[in-house]
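Novice:
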Amino acid sequence: MKIELVTNLKRQATKILADVEDYEFMHNRLSILEGIARGEIAILDNRIYNQAEARKKMGKWLT
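Oh and the sequence shown: position 30 is 41 in this note's numbering, straight run, nothing missing.
1) Thinking C-beta only, is residue 60 closer than 8 Å to residue 71?
2) Tell me whether residue 37 sits in a helix, a strand or coil according to DSSP, three-state version.
3) Quick check on DSSP: helix, strand or coil for residue 49?
4) To the nearest angstrom, report how far apart residue 57 and residue 51 are at their CA atoms.
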C-alpha cells in the first residue's frame with residue numbers, strides 16, 4: 012500500500028514537472044512571437060532605422 016502511494020506521488024510529481032517545462036517553453040515562445048509582432052507593427056508604422064542609425068542607438072550595448 013505504501014509503495015503504491017509513493018509510486019503514485021512520484022508519477023504525479025513527474026507530471027507536474029513536465030507541465031512546468033511545457034509552460035516555460037510556451038511562455039518563451041509567446042515572448043518571441045510578441046517581439047516579432049511588435050517589430051512588424053513598427054515596420055508598418057515606419058519606425059525603422061538603417062544600419063548606421065541602429066548602431067548609433069545601440070552603441071552602449073554593442074561595446
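No residue lacks a Cβ here, since even glycine has one placed at the ideal position from N, Cα and C.
Specialist: The answer reads as follows:
1) Contact flag unset, no.
2) Of the three classes helix, strand and coil, the one that applies to residue 37 here is helix, per DSSP.
3) In the structure shown, residue 49 sits in a helix (DSSP, three-state: H, G or I).
4) In a straight line, the C-alpha of residue 57 is about 10 Å away from that of residue 51.
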